[in-house]
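Trainee: I have a structure I would like to understand better, so I am pasting it below and will then ask my questions one at a time.
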Amino acid sequence: MKLLTKDELFTQNAPRHEDVPVGKRVLRIGEITAAGRDVFMSATKPGAPLSEFQARLVVATAVDEAGALVFTEEDIANLRRMPAGILNSLAGAAARLNGIGPQALEEAEKNSGAAQSGGSRSGSRYKSASPSVSSSSA
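Residue numbers for the sequence shown follow my numbering, so the first one is 27 and each next one is one higher.
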């Protein structure tokens, strides 16, 4: 097998995305960058409400056609006021696409007091990512 060059690594690995229906339009959820993951992880506080975790995940992953982030930190309150089903769909797509396992979402829900689960959970927020079948590329 031929070795990958640095140039190939940086040019041939375009972020994947998934278009999530919201009403009659779609919101594009993209793969989070390593730097974006750092911001998301540092801003996500243990014990935060599930809606805050989900909103922060959407802020870190919703992108426009050029791949630029759509939302900022200032949009978190508005995202949290959206219908729960819409936020669940957006955050669920972001979690699937970025290899954030159900464990992280369950942990956020448990810590928010929304779930009454007695199971033991790992502190890991991320699992090994594998390519998403439902994602598309630009």
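We put the CB at the ideal spot given by N, CA and C, even for glycine.
Please go through the same chain and pick out, in chain order, the residues whose beta-carbon is closer than 6 Å to the beta-carbon of H43, but skip the five residues on each side of it.
Mentor: So the qualifying residues of the chain are R54 and G56.
Trainee: Just the C-alpha distance for A110 and L29, rounded to the nearest angstrom, thanks.
Mentor: Answer to the nearest angstrom: the Cα atoms are 46 Å apart.
Trainee: Go through its chain and collect everything with a Cβ distance to L113's Cβ below 6 Å, but skip five positions before and after it.
Mentor: Around L113: Q80.
Trainee: With respect to the beta strand (DSSP E) encompassing L53, which residues constitute its N-terminal and C-terminal limits?
Mentor: Note, L53: beta strand (DSSP E), R51 to G56.
Trainee: At 4 residues or longer, what runs of the alpha helix (DSSP H) sit wholly inside the segment 92 to 126?
Mentor: Whole alpha helix (DSSP H) segments, 4+ residues: 102 to 106 and 110 to 123.
Trainee: Helix or strand or just coil, what does DSSP make of D90?
Mentor: Coil, per DSSP.
Trainee: Could you tell me the distance, in whole angstroms, from the CA atom of S68 to the CA atom of T37?
Mentor: Approximately 28 Å, taken between the alpha carbons.
Trainee: Assuming V96 contacts A120 under a Cβ cut-off of 8 Å, what Cβ separation, rounded to an integer in Å, is found between them?
Mentor: Not quite, the Cβ-Cβ distance comes to about 12 Å (not below 8 Å), so this is no contact.
Trainee: Quickly, what does DSSP pair V46 with across the bridge? List them, please.
Mentor: L53, per the DSSP bridge assignment.
Trainee: Label A86 either buried or exposed according to how many other C-beta atoms from any shown protein chain fall within 10 Å of its C-beta, with 16 as the threshold for buried.
Mentor: That one is buried.
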